[in-house]
Structure formats: structure tokens, C-alpha cells
Amino acid sequence: MTRLTVAIVQQPAALLDLAESVRRAATAVTRAAADGARLVVFPETWLTGYPAWVFGLAGWKDPAAQHWHRLLLEQSPVIGPADRVDDDVQPIRAAAAKAGVTVVIGVNERAGRTGGTLFNSSLTIGPDGLTANLHRKLTPTHTERIVWAAGDGAGLDVVDVDGATIGSLICWEHFNPLARQALHVRGEEIHVAHWPDMADSHQIAARFYALEGRCFVISAAQILDTADVPADLLEPFRAGIGPDAPDQGWLFDGGSSIAGPDGNWIVPPVFAEARIITADLDLGRRYEESLDLDVAGHYSRPDVFNLTVNRRRPPAGGVIFTN
Numbered sequence: 020m021t022r023l024t025v026a027i028v029q030q031p032a033a034l035l036d037l038a039e040s041v042r043r044a045a046t047a048v049t050r051a052a053a054d055g056a057r058l059v060v061f062p063e064t065w066l067t068g069y070p071a072w073v074f075g076l077a078g079w080k081d082p083a084a085q086h087w088h089r090l091l092l093e094q095s096p097v098i099g100p101a102d103r104v105d106d107d108v109q110p111i112r113a114a115a116a117k118a119g120v121t122v123v124i125g126v127n128e129r130a131g132r133t134g135g136t137l138f139n140s141s142l143t144i145g146p147d148g149l150t151a152n153l154h155r156k157l158t159p160t161h162t163e164r165i166v167w168a169a170g171d172g173a174g175l176d177v178v179d180v181d182g183a184t185i186g187s188l189i190c191w192e193h194f195n196p197l198a199r200q201a202l203h204v205r206g207e208e209i210h211v212a213h214w215p216d217m218a219d220s221h222q223i224a225a226r227f228y229a230l231e232g233r234c235f236v237i238s239a240a241q242i243l244d245t246a247d248v249p250a251d252l253l254e255p256f257r258a259g260i261g262p263d264a265p266d267q268g269w270l271f272d273g274g275s276s277i278a279g280p281d282g283n284w285i286v287p288p289v290f291a292e293a294r295i296i297t298a299d300l301d302l303g304r305r306y307e308e309s310l311d312l313d314v315a316g317h318y319s320r321p322d323v324f325n326l327t328v329n330r331r332r333p334p335a336g337g338v339i340f341t342n
């Protein structure tokens, strides 16, 4: 396989509504597959929305923060074991399996049905409907740490999609050079970059990742209108985004894009459009660009630098029960 058709779902999720968001995701997967996509990508925490309000509700014992955190927990999916399909995202799994496509979707992952912990995760569902990979964001950024726990290295891996190797990172993980190298050395050909928005710095990070890794970078960014936010959450949400947040219109205006292995845009950022973006990638372009740079091969110096990646997923609470 030298070419691969990919799709980015730049459409609003149903904020804090798991059942409706899962339904929308499954529908989008089916539509993208009908357009020929073999890989379907969603933005950061598309299930069930980026908790922007936390940036404006960070007070100790803030009752509003507690209220919205409870709702976020209740409306976040628990991802089942890798060999099971009967979990909170089952309709998405069924859509992927029926179409025979791979899905990479950002989720607020709840750590157990009775747990009070969330992870910012990238879930990869294979064409059999099973979990192919589950990456948890290593370090939540700034006040995100009020919402999400630190992840682990278990998901720093790639999966095969029609003969192409696919990996993913989330938002500011793209500024972590060790995380980048951990995926470069896995032979990553297509990289999924999940973002809440596509700020200038995020565009720079996406293009640099593509240039450094000589890979394709698919950036999926959220699109969300003020009309998509519950009325009583709108002001905290706007406050979290910042002083430039509009009273009406796009709170997140998309910007999803694809960068090629030379660091230039194949699909420039698409702003203010709610749609599914598709593109056909010529995977052989990587080999042309590897002539002068291969950070996992002829441009590496393993005799000088060593990186150890702990890919074990720790048990919940750090407790191991034995008989």
C-alpha cells in the first residue's frame, strides 16, 4: 500500500452527552468510510468535549467546578479490555468493524465505572472493532491537571493501517522531544495530532513534527459553536477560553490540517467549517524526504544518546493484589 485515504472529523461533539456523541461519531465513521477513508481521525477529547471551563473554575472547593466535574465524569466513557467490544463506545467499534476502517479518537477516559479519575486519551480502534492502542496523555498542561491524571508510556506505540504505521500524541505532548523520538523510532509513517484548537503554536508543532519525523501529520482540532454549549455552562466555558471568546459564534473554530514529510501543508488548516476533511496520501513521499534526514536511522547517534521508555501500564492506585 503506497497510498492511503484519510479523513478528519471536524464536526461538533455533543458536549457532556456521551450517548449522543458516540452516535455522532459512529455516523461520521460510516460517512467517511463511504468516501473511501481507511483512517478516520477525531480531535482531542471529542468524547465528550474539551473541559475549557476548568481554566476559569480552578478555585478550591468551587461548587461550580465540582458540578461540571461530576457531569464530565458521568458522561465520559470507560474503555473496556482490548479483547472486548461491549463497552461505552461500542457503536463506534461496530461502525469501524462494519466499514473495515481504523478510528483514532480523543476521549475523556474514565478510569473505571466507580472511579473518580479521568485521563486525556487517544483511543485507536482497529478494523475488527477492537482496541489497537490506548495512549494516555503523559502530562496534562497547566490547570488541565485539575481534571486529568498523568498518563503512562504504554500507548507510546504504533499500529498498522493497511500496511502503514500510525501513532498519536495529544496537544502539548508535541513539545516533548523524548515523546516525539519514542514514536519516530517505531517507524511512524502517519502521525495523528489531537488538539482542542489550532493556534499558531500548534501549527508550528505539527509542521515541525512532520519535518523532523519525515512523516505525515494529521492534525484534528475541535469545532464548537456557542450554540453547542449548555446555557448554564457558556460563561464558564468562555472564561476558560479567554477574553477573546465570542458571545456568539465559534468558541473552537477548527483548523484541522495535514502536513507532509517535508513540513509543508498538504491540507492547510481548515477554519470555521464543520465538515469531514479527506485527503489521499502518497506514503512514498517519506522516502524522498529521508534522503537527507532520518532521526531514527542514519541521522541518529545511538552511541551517544540513549532513551529508555517504560511501556508498562501501572495498576489502578498502584496496588497489586495477590493470593
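Each residue of the sequence shown is one higher than the one before, counting from 20 in my numbering. Where is the CB? At the ideal position from N, CA and C, for every residue including glycine.
The segment 55-62 contacting the segment 201-216, beta-carbon criterion three pairs below 8 Å: yes
Under the three-state DSSP convention, the category E128 falls into: Counting from 1 along the sequence shown, the entry for residue 128 is found at position 109. Strand, per DSSP.
Between the C-alpha atoms of Y318 and L76, what's the straight-line distance to the nearest angstrom? As a working mapping, residue 318 is identified with position 299 in the sequence shown. As a working mapping, residue 76 is identified with position 57 in the sequence shown. Roughly 46 Å between the two C-alpha positions.
Neighbourhood of L90 by C-beta, 8 Å cutoff - its chain only, sequence neighbours within 5 removed: Here residue 90 refers to the residue found at position 71 when the sequence shown is read from its first residue. Excluding sequence neighbours, L90 sits near L35.
DSSP bridge partner residues for I237 (one or two, in chain order): In the sequence shown, residue 237 corresponds to position 218, counting from 1. Answer by DSSP bridge pairing, in chain order: V211, I277.
Any heavy atom of the ligand ADP within a distance shorter than 7 Å of the CB on A264? The ligand ADP is not among the ligands present in this structure, which contains no ligands whatsoever.
Does DSSP put W72 in a helix, in a strand, or in coil? Mapped onto the sequence shown, residue 72 falls at position 53. Correct three-state label for W72: helix.
Quick check on the burial criterion: 16 or more other C-beta atoms within 10 angstroms. Buried or exposed for R155? As a first step, residue 155 is located in the sequence shown; it is residue number 136 there, counting from the start. Buried, because 16 or more other Cβ atoms sit within 10 Å of the Cβ of R155.
Proximity of D244 and G268 at Cβ, strictly below 8 Å: For the purposes of this step, residue 244 is taken as residue 225 along the sequence shown, with counting starting at 1. For the purposes of this step, residue 268 is taken as residue 249 along the sequence shown, with counting starting at 1. For D244 and G268, yes; Cβs fall inside 8 Å.
Can you tell which of V73, P31, V122 has the C-alpha that lies nearest to the C-alpha of V48? As a working mapping, residue 48 is identified with position 29 in the sequence shown. It is V122.
Would you mind sorting V289 into buried or exposed? The rule is 16 or more other CB atoms within 10 Å of its CB. Stepping through the sequence shown from its first residue, residue 289 is reached at position 270. With 16 or more Cβ atoms within 10 Å of its Cβ, V289 is classed as buried.
Opposite V60 in the DSSP bridges: which residues? The sequence position of residue 60 within the sequence shown is 41, counting from 1. V60 is bridged to I27, V123.
Using three-state DSSP, classify A298 as helix, strand or coil. Here the question's residue 298 lines up with position 279 in the sequence shown. Note: A298 maps to strand in three-state DSSP.
Can you find the residues in the same chain that come closer than 6 Å, C-beta to C-beta, to E39, ignoring five residues on each side of it along the sequence? Working through the sequence shown from its first residue, we reach residue 39 at position 20. Contacts found: A33.
How big is the Cα-Cα spacing for A116 and G148? Within the sequence shown, residue 116 is the residue found at index 97, counting from 1. Within the sequence shown, residue 148 is the residue found at index 129, counting from 1. If you take the alpha carbons of A116 and G148, they lie about 5 Å apart.
Three-state class that DSSP yields for D219 in the structure shown: Locating residue 219 in the sequence shown gives position 200, counting from the first residue. DSSP places D219 in helix when its eight states are reduced to three.
As a quick exercise: from G145, A114, V204, V180, pick the residue whose alpha carbon is nearest that of G232. By one-based count along the sequence shown, residue 232 stands at place 213. Closest by alpha carbon: V204.
Can you tell me the Cα-Cα spacing of G336 and L92, whole angstroms? As a position in the sequence shown, residue 336 is number 317, starting the count at 1. As a position in the sequence shown, residue 92 is number 73, starting the count at 1. About 18 Å.
Measuring CB to CB, does A250 end up less than 8 Å from G273? Within the sequence shown, numbered from 1, the residue matching residue 250 stands at position 231. Within the sequence shown, numbered from 1, the residue matching residue 273 stands at position 254. By the CB criterion at 8 Å, A250 and G273 fall outside the cutoff.
Given H86 as reference, the closest of F138, V73, E63, P159 once Cα atoms are compared: Indexing the sequence shown from 1 puts residue 86 at position 67. Selected option, being the one with the closest Cα: V73.
What would DSSP say about S187, mapped onto helix, strand or coil? Indexing the sequence shown from 1 puts residue 187 at position 168. Strand at S187.
State buried or exposed for G145, treating a residue as buried only when at least 16 other CB atoms are found within 10 Å of its CB. The residue given as residue 145 occupies position 126 in the sequence shown. With 16 or more other Cβ atoms within 10 Å, it is buried.
Is it buried or exposed, F324, if we count other Cβ atoms within 10 angstroms and call 16 or more buried? Here the question's residue 324 lines up with position 305 in the sequence shown. F324 comes out exposed.
So what's H317 in DSSP terms, helix, strand or just coil? Translated into positions along the sequence shown, residue 317 becomes position 298. Three-state DSSP puts H317 in coil, outside helix and strand.
Grab me the residues of C234's own chain with a C-beta within less than 7 Å of its C-beta, minus the 5 sequence neighbours each way, in chain order. Locating residue 234 in the sequence shown gives position 215, where the first residue counts as 1. If we look at C234 and ignore the five residues flanking it on each side, its Cβ neighbours are E207, E208, I209, H210, P280, R305.
Does L310 pass the burial test, meaning 16 or more other C-beta atoms within 10 Å, or should it be called exposed? Sequence index remark: in the sequence shown, residue 310 carries index 291 (1-based). L310 comes out exposed.
The alpha helix (DSSP H) with W87 in it runs from where to where? For the purposes of this step, residue 87 is taken as the residue at position 68 of the sequence shown. Per DSSP, W87 belongs to the alpha helix (DSSP H) from 82-93.
Simplified DSSP state of F138, which is helix, strand or coil: The sequence position of residue 138 within the sequence shown is 119, counting from 1. Residue state, collapsed to three classes: strand.
Considering only residues of the same chain and omitting the five flanking positions on each side of I185, which have a CB-CB separation below 8 Å? The residue given as residue 185 occupies position 166 in the sequence shown. So the qualifying residues of the chain are L58, T121, V123, T143, V177, V178, D179, E207, E208, I209, H210, V211.
If contacts are defined as beta-carbon pairs under 8 Å, then N152 and G174 qualify, I think. What distance do you get, rounded to the angstrom? If you number the sequence shown from 1, residue 152 lands on position 133. If you number the sequence shown from 1, residue 174 lands on position 155. Rounded, the Cβ-Cβ distance is 6 Å, consistent with contact.
Pairwise C-alpha distance: V328 and R427: The structure shown does not extend to residue 427, since the chain is modelled only from 20 through 342, so no value can be given for it.
Along the chain, where does the alpha helix (DSSP H) containing H203 start, and where does it finish? Start at 1 with the first residue of the sequence shown, and residue 203 comes out as number 184. That run of the alpha helix (DSSP H) goes 196-203.
Assigned secondary structure, V328 (DSSP; H/G/I helix, E/B strand, else coil): Here residue 328 refers to the residue found at position 309 of the sequence shown. Note: V328 maps to coil in three-state DSSP.
If you draw a straight line from the alpha carbon of D263 to that of F271, how long is it in whole angstroms? Taking the sequence shown and counting its residues from 1, one reaches residue 263 at position 244. Taking the sequence shown and counting its residues from 1, one reaches residue 271 at position 252. Each residue's alpha carbon lies about 12 Å from the other.
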